[in-house]
Every structure is written in structure tokens, then in C-alpha cells.
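Some notes on the structure that comes next.
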Amino acid sequence: MTDSTLYFDVVILLIVFISLAVIAVAGSVLLVIKFGHPDDKNVALLPKFVVIYSLFLAVSSVALFPIDVACRSSDALSSIIYYVWIAMFINIAAFLVIIIPLAIAFYEESSTDKSVCRSLIYGLVPLMLIGVAIAILYPFFGTNSLSPEDIQRFQSRSGWNYIPSSLSQIYSDHISIGYFGLAIMAMIGWIAFILFVPIGVAMLPIDMVRAFIHRPKALNIVEYTREKQAIGREASVLLKAAQDVGQSRKGSLNLFVGRSTKRSRKELLALEMQTYELKRRRMTLEIAYSYRGGNPLWYGLQLLLGVIYAILTIAWIVHLTLAVVVDASPALSTVLLELQKFGGTFPVFSIVAFVVLSEYLLLSAIKGSFKFSLGTAWLSIYPMEVGNTLMSAFLVNSWLILALVVPLIQFCTIAFADYVAGTVIGMIFLLRINNIRFFKGVLFYDNIYMYLMLWIFLITLLVVAVSSKGKRKEINIRSSAVVEGA
Numbered sequence: 397m398t399d400s401t402l403y404f405d406v407v408i409l410l411i412v413f414i415s416l417a418v419i420a421v422a423g424s425v426l427l428v429i430k431f432g433h434p435d436d437k438n439v440a441l442l443p444k445f446v447v448i449y450s451l452f453l454a455v456s457s458v459a460l461f462p463i464d465v466a467c468r469s470s471d472a473l474s475s476i477i478y479y480v481w482i483a484m485f486i487n488i489a490a491f492l493v494i495i496i497p498l499a500i501a502f503y504e505e506s507s508t509d510k511s512v513c514r515s516l517i518y519g520l521v522p523l524m525l526i527g528v529a530i531a532i533l534y535p536f537f538g539t540n541s542l543s544p545e546d547i548q549r550f551q552s553r554s555g556w557n558y559i560p561s562s563l564s565q566i567y568s569d570h571i572s573i574g575y576f577g578l579a580i581m582a583m584i585g586w587i588a589f590i591l592f593v594p595i596g597v598a599m600l601p602i603d604m605v606r607a608f609i610h611r612p613k614a615l616n617i618v619e620y621t622r623e624k625q626a627i628g629r630e631a632s633v634l635l636k637a638a639q640d641v642g643q644s645r646k647g648s649l650n651l652f653v654g655r656s657t658k659r660s661r662k663e664l665l666a667l668e669m670q671t672y673e674l675k676r677r678r679m680t681l682e683i684a685y686s687y688r689g690g691n692p693l694w695y696g697l698q699l700l701l702g703v704i705y706a707i708l709t710i711a712w713i714v715h716l717t718l719a720v721v722v723d724a725s726p727a728l729s730t731v732l733l734e735l736q737k738f739g740g741t742f743p744v745f746s747i748v749a750f751v752v753l754s755e756y757l758l759l760s761a762i763k764g765s766f767k768f769s770l771g772t773a774w775l776s777i778y779p780m781e782v783g784n785t786l787m788s789a790f791l792v793n794s795w796l797i798l799a800l801v802v803p804l805i806q807f808c809t810i811a812f813a814d815y816v817a818g819t820v821i822g823m824i825f826l827l828r829i830n831n832i833r834f835f836k837g838v839l840f841y842d843n844i845y846m847y848l849m850l851w852i853f854l855i856t857l858l859v860v861a862v863s864s865k866g867k868r869k870e871i872n873i874r875s876s877a878v879v880e881g882a
């Protein structure tokens with residue numbers, strides 16, 4: 397490939413990258429406007445900016461991959477891409493440990509009389525925790541078990557010998573504080589990634605097909621009134637249960653305050669989930685009566701998305717299974733390499749396939765976090781509801797997305813190892829981060845993380861199979877049962 401052709405392809409990719417960035421910003425703005433709560437209208441401007449920029453970072457990180465692939469044959473362009481990646485990771489780190497926590501703290505405290513100083517302290521807690529973690533762990537885990545054979549294997553696989561000057565210590569035993577900080581971010585994200593992605597990969601197609609099968613049917617006035625009264629009775633039970641939990645917390649003895657607080661939190665989370673389900677039933681009821689069942693085109697789109705999601709789920713599960721069971725080369729990476737042969741000098745098919753496959757994992761992780769929160773009493777739920785989403789929910793979900801971006805990038809460098817061979821991002825993770833003791837000796841040892849993801853996927857399917865098989869669960873609780881920790 398000539399230099400003129402290479403630079404032309406890079407220009408085209410930059411145009412695509414900028415277009416995706418503009419779409420991400422525009423989509424984020426529309427998301428905030430469409431889903432935002434009326435109480436946040438024309439206020440909370442800083443949290444809104446934080447949400448929009450966070451989503452921009454998430455999309456841009458994935459979109460930067462194809463540009464890195466296109467630039468790998470040029471040392472000069474690869475050097476530029478290296479610093480772009482570093483700037484991207486610095487931005488993500490700043491938003492994860494400083495900006496988003498501060499935005500959440502100030503937003504939550506804005507409705508109270510608590511001081512700005514207290515909000516600042518709450519917001520800086522993640523930064524202090526990360527700093528302490530790096531200070532404690534770096535002396536023990538800040539070594540790189542990379543051997544000369546690993547480097548030779550990487551270079552022979554990629555056919556690429558370029559190493560930026562800033563990585564001149566790549567052969568040393570220790571890695572820099574900056575890379576170790578990136579590894580810490582990845583470690584935190586991997587906990588959520590391994591747990592939430594398999595759940596989301598399983599549930600995304602299932603829930604879409606369920607939404608089509610169990611779409612609202614038109615109701616007459618008698619049916620509507622009867623169902624509305626039933627929902628009202630259940631709402632009264634939930635209200636009574638919430639009042640009982642409140643009285644229970646107030647009447648707790650100081651000697652057992654720790655146990656009581658933990659128990660009350662579990663009860664409140666259970667009530668929160670049941671209240672959410674009841675609100676969903678009420679919304680479905682209104683659609684069934686007021687809109688005669690809703691727009692059939694929307695439910696047809698849900699079915700189509702369910703089929704597409706099922707195909708993507710099967711593709712990822714086949715990829716993981718082949719990698720674990722038969723130790724085959726990454727299947728999806730081979731697909732991307734084949735798609736790269738089409739389209740001439742501009743591999744549009746491989747770019748689209750890569751973006752779709754990687755963004756699907758991010759979408760699955762978000763779905764998985766919500767399903768996990770809804771199915772357990774361990775985490776609070778932050779649902780995104782049209783016209784009823786507070787900025788706190790936006791900020792928490794934005795933090796989760798950014799926390800998942802780093803392990804997503806790391807996972808993609810492994811899943812698409814042949815596709816990203818010779819790229820800057822491949823070198824950063826495959827040569828540096830992946831060879832830190834924690835990753836090489838624990839998480840990536842004998843593909844442990846793949847086994848965990850496959851097992852969680854199978855457990856999710858088993859839970860779905862033995863549950864109500866897609867039928868709507870009736871909320872039938874008694875206040876005493878909730879107070880006892882149900």
C-alpha cells in the first residue's frame with residue numbers, strides 16, 4: 397500500500413470517526429432530553445455535560461480501534477495513535493475516579509442543606525481509594541512477566557517491529573505507574589464485565605422476543621378498571637410495607653444498628669424492585685387501554701432486534717467455546733480478517749462488524765447489570781425511563797459504562813488478536829497490561845475468565861428455564877414478609 401493510499405484511508409477513517417462522535421453526542425443529548433426528569437429541566441447542566449461527554453468517550457474508544465488498525469503499517473501514524481490512546485485513557489480515568497463521583501455527590505446534595513465541603517469529600521472518596529490501592533499493590537504486582545519470547549511471538553505474529561520511544565522500557569521487569577493505574581481500572585471493570593456481560597448476552601435476545609410475545613393487548617373499560625384496582629391494592633400493600641420498614645429502622649437498638657441497617661437496606665431494595673415492576677405493569681395497562689395495545693411496528697422492531705441479538709449472542713458464545721474447549725484461534729478475529737478483504741483499500745465491512753460486535757458487549761453489560769440488580773436484593777436499580785430519569789441515574793449508568801470500556805478494549809484485543817496484531821492498542825495490552833502478574837497469573841491463566849463467563853451464561857439460561865418461562869410475575873407480598881427480609 398502506497399503512502400498516498402494509506403493517508404487517504406486514514407482521512408476516510410477520521411471522517412467516519414468524527415461522524416460517529418457527532419452521532420454519539422447528538423444521541424446523548426436526545427437521550428438526556430427524552431429520558432430526563434421534569435425536575436431536572438433547565439437545571440443540572442454540569443451533570444448533563446458529564447453524561448454526554450462520558451458517552452462520547454465510550455463510543456470514541458471503540459471507534460478508535462479501526463483507525464489504529466489502518467495506521468499500523470506507518471510508524472509515524474502509529475506514534476500519533478499511541479498518544480491518542482493515552483489521552484483517551486487519561487480522560488476515562490479522570491471521569492471514573494474524579495468527575496463523575498463529584499457530579500453525583502454535588503447533585504445528590506444539591507437538594508439538601510449539606511455543605512459543599514461534605515459533597516467534595518464524598519466525591520473524592522474513589523480517588524483516595526484508587527490512590528491507596530495503587531500505593532499498596534504496585535510494589536507487589538507492578539512487575540511485568542514479559543519474556544523476550546513473548547515479544548518475538550508478538551512481532552512475528554504481527555509482522556510489526558515498531559515500538560514507540562515512550563515504551564523503551566518494555567523489556568524491563570517493572571511497568572510505569574501510569575500503566576499500572578490503567579491495569580487497576582481494568583481490574584475493577586473486569587469484575588463487572590465477567591458478571592454482567594454473560595447475563596446481558598443471554599437476556600438481551602430473550603427479553604426482546606418476550607416483549608413481542610407478551611405485548612399489550614387492547615382492553616375494554618371493564619378489564620381496564622379491574623386490573624387498575626388490582627394494581628392499586630398491590631400499591632397499598634407496598635406502601636404499608638415501606639412504612640413498616642421505616643418504623644423498623646427508627647426503632648432499632650443501637651447495639652444492633654449495624655445488623656439492622658444491613659437488613660433494612662435489603663428490605664428497601666426488595667421494595668424498590670417490586671415498586672419498579674408495579675410501575676411497569678401500570679404503564680403496560682395504560683398502553684393496553686389508552687393506545688389499544690400500542691404501535692405494532694414497535695413490537696415488530698423488538699422482534700427483529702431479538703433475532704439480531706440472538707445471532708450476535710450465538711457468535712460470541714461460539715467464539716468463547718472454541719477458544720476454551722478446542723483452543724482454536726479466535727473465531728471472530730478470523731471473520732474480521734476475511735471481511736477486511738472486501739471493500740478494497742477501505743475495509744468498511746470489517747469496521748462495521750467490529751463496531752457492532754464490540755458495542756453489543758457493552759450493551760449486554762448494561763442489560764446484565766440491570767437484570768442482576770432487578771433479580772437480587774444486593775444492588776440498587778437505576779432504570780432509564782422516558783421522562784422520569786433523574787440525573788443521578790444518568791450519572792451512575794455513565795460511570796458503569798466507562799468502567800466497562802477498559803476491560804471491553806482489553807477483551808477485544810484478545811478476542812480479535814489477529815485483527816489487532818501490530819496495532820498500538822494491541823501492544824499496550826498484549827505486551828504490557830496482560831503480562832502483569834494479576835492478569836497473566838490469575839485472570840488469564842488457562843482462560844479462567846472465559847470459563848467464568850460461559851458458566852454464568854449457562855446459569856442465566858438455567859434460571860430463565862426454571863422460572864416462570866417468560867410469564868409475568870405477580871407481585872404478591874405481605875408487609876410482614878418484607879420486614880422479615882423477603
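Anchor point for the sequence shown: position 453 equals 849 in the numbering used here, and the numbering is continuous, going up by one each time.
Where is the CB? At the ideal position from N, CA and C, for every residue including glycine.
A quick note: this is a predicted structure, and the numbers were derived from the prediction, not measured.
Are there 16 or more other CB atoms within 10 angstroms of the CB of F812, so buried, or fewer, so exposed? As a first step, residue 812 must be located in the sequence shown, where it is residue number 416. The residue is buried, with at least 16 neighbouring Cβ atoms inside 10 Å.
Give me, in chain order, the residues of the same chain whose beta-carbon lies closer than 8 angstroms to that of N872; leave out the 5 immediate sequence neighbours on both sides. In the sequence shown, residue 872 corresponds to position 476, counting from 1. Confidence at N872 is low in this model, with a pLDDT of 40, below 50, so the placement of that residue should be treated as unreliable; the coordinate-derived value is given next. Excluding residues within five positions, the ones whose Cβ falls inside 8 angstroms are E630.
For the segment 440-456 against the segment 805-821, do three or more pairs of beta-carbon atoms, one drawn from each stretch, fall closer than 8 angstroms, so that the two count as touching? no
Residues that G432 bridges to, as DSSP identifies them: The count along the sequence shown starts at 1 and reaches residue 432 at position 36. G432 is bridged to T785.
State the Cα-Cα distance for the pair L667 and L826, rounded to the nearest angstrom. Taking the sequence shown and counting its residues from 1, one reaches residue 667 at position 271. Taking the sequence shown and counting its residues from 1, one reaches residue 826 at position 430. Taking the straight line from one Cα to the other gives about 45 angstroms.
Could you check how far apart the C-beta atoms of L804 and F589 are, in whole angstroms? I think they sit under 8 angstroms. The sequence position of residue 804 within the sequence shown is 408, counting from 1. The sequence position of residue 589 within the sequence shown is 193, counting from 1. Indeed, because the Cβ distance is near 7 angstroms, the residues count as touching under 8 angstroms.
Using 8 angstroms for Cβ pairs, my map puts V714 next to A459. What's the rounded Cβ distance? Within the sequence shown, residue 714 is the residue found at index 318, counting from 1. Within the sequence shown, residue 459 is the residue found at index 63, counting from 1. Rounded, the Cβ-Cβ distance is 25 angstroms, inconsistent with contact.
Output the residue ranges of the alpha helix (DSSP H) runs that lie fully inside the segment 574-606 and measure 4 residues or longer, sorted by chain position. none
Only counting the same chain, and skipping five residues up and downstream in sequence, which positions put a Cβ closer than 7 angstroms to that of I482? Position 86 of the sequence shown holds residue 482. Closer than 7 angstroms at Cβ, skipping near neighbours: no residue.
Buried or exposed: where does I414 fall if 16 or more other Cβ atoms within 10 Å of its Cβ makes it buried? Taking the sequence shown and counting its residues from 1, the one referred to as residue 414 is at position 18. Classification for I414: exposed.
Hey, how far is the Cα of Q670 from the Cα of G628? For this step, residue 670 is matched to residue 274 along the sequence shown. For this step, residue 628 is matched to residue 232 along the sequence shown. Roughly 14 angstroms between the two C-alpha positions.
Cross-strand partners of G570 (DSSP beta bridge): Working through the sequence shown from its first residue, we reach residue 570 at position 174. According to the sequence as given, residue 570 is His; it is not Gly. Beta-bridge pairing links H570 to T539.
In whole angstroms, give me the CA-to-CA distance for Q625 and L635. Translated into the one-based positions of the sequence shown, residue 625 becomes position 229. Translated into the one-based positions of the sequence shown, residue 635 becomes position 239. In a straight line, the C-alpha of Q625 is about 15 angstroms away from that of L635.
Runs of 4 residues minimum, wholly inside the segment 418-477: which ones carry the alpha helix (DSSP H) assignment? 441-467
Of all the options A454, Y695, L578 and I408, which has the alpha carbon lying nearest to the alpha carbon of K613? Position 217 of the sequence shown, counted from the start, is the residue given in the question as residue 613. K613 has its Cα closest to that of Y695, out of A454, Y695, L578 and I408.
Return the CA-CA distance between A579 and R611, expressed in angstroms with no decimal places. Indexing the sequence shown from 1 puts residue 579 at position 183. Indexing the sequence shown from 1 puts residue 611 at position 215. In a straight line, the C-alpha of A579 is about 44 angstroms away from that of R611.
Under the rule that 16 or more other beta-carbon atoms within 10 Å means buried, what is N691, buried or exposed? The residue given as residue 691 occupies position 295 in the sequence shown. By the 10 Å Cβ count, N691 comes out exposed.
Rounded to the nearest angstrom, what separates I609 and A789 at their Cα positions? Start at 1 with the first residue of the sequence shown, and residue 609 comes out as number 213. Start at 1 with the first residue of the sequence shown, and residue 789 comes out as number 393. Roughly 29 angstroms between the two C-alpha positions.
Beta-bridge partners of I832, as assigned by DSSP: Residue mapping note: residue 832 aligns to position 436 of the sequence shown, counting from 1. Looking at the DSSP assignment, I832 forms a beta bridge with N540.
Do you know offhand how far F431's Cα is from A454's? Numbered from 1 along the sequence shown, position 35 holds the residue referred to as residue 431. Numbered from 1 along the sequence shown, position 58 holds the residue referred to as residue 454. Cα to Cα, F431 sits roughly 19 angstroms from A454.
Do the segment 813-833 and the segment 461-468 make contact, defined as three or more Cβ pairs closer than 8 angstroms? yes
I526 Cβ short of 7 angstroms to the ligand FMN heavy atom set: Judged by which ligands are present, the structure shown has none, so any question about the ligand FMN falls away.
Span of the alpha helix (DSSP H), counted from its first residue to its last, around A861: Looking up residue 861 in the sequence shown gives position 465. Counting along the chain, the alpha helix (DSSP H) containing A861 begins and ends at I844 to V862.
Local conformation of W694 per DSSP, three classes: By one-based count along the sequence shown, residue 694 stands at place 298. It is helical.
Assigned exposure category for N616 - 16 Cβ within 10 Å defines buried: Taking the first residue of the sequence shown as position 1, residue 616 is located at position 220. Classification of N616: exposed, given that the 10 Å Cβ count is below 16.
Candidates M484, V428 and N784: which alpha carbon is nearest Y672's? Counting from one through the sequence shown, the residue named residue 672 turns up at place 276. The candidate whose alpha carbon is nearest that of Y672 is N784.
In terms of alpha-carbon separation, which member of K675, L442 and V860 lies closest to F502? The residue you call residue 502 lines up with position 106 of the sequence shown. That would be L442, whose Cα lies nearest to the Cα of F502.
From K763 to M583, what distance separates their C-alpha atoms? As a position in the sequence shown, residue 763 is number 367, starting the count at 1. As a position in the sequence shown, residue 583 is number 187, starting the count at 1. Each residue's Cα considered, the two are about 20 angstroms apart.
With a threshold of 6 angstroms on Cβ separation, who are the neighbours of I852 within its own chain once the five nearest residues in sequence on each side are excluded? Locating residue 852 in the sequence shown gives position 456, counting from the first residue. Counting only Cβ-Cβ distances below 6 angstroms, and skipping sequence neighbours, we find P594.
Check the C-beta distance from L600 over to L716 and give it rounded, since I have them as a contact under 8 angstroms. Taking the first residue of the sequence shown as 1, we reach residue 600 at position 204. Taking the first residue of the sequence shown as 1, we reach residue 716 at position 320. Not quite, the Cβ-Cβ distance comes to about 16 angstroms (not below 8 angstroms), so this is no contact.
Where N438 falls, given that 16 or more other Cβ within 10 Å makes a residue buried: For the purposes of this step, residue 438 is identified with residue 42 of the sequence shown, where counting begins at 1. Under this definition N438 is an exposed residue.
Cα separation between A440 and L426? On the sequence shown, position 44 is the one that residue 440 refers to. On the sequence shown, position 30 is the one that residue 426 refers to. If you take the alpha carbons of A440 and L426, they lie about 16 angstroms apart.
Give the range of the alpha helix (DSSP H) segment to which T819 is assigned. As a position in the sequence shown, residue 819 is number 423, starting the count at 1. No alpha helix (DSSP H) contains T819, which DSSP labels as neither H nor E.
What does a CB cutoff of less than 8 angstroms around Y705 pick up in its chain, not counting 5 residues either side in sequence? Within the sequence shown, residue 705 is the residue found at index 309, counting from 1. Closer than 8 angstroms at the Cβ level, and outside the excluded window around Y705, lie L600, P601, M604 and Y756.
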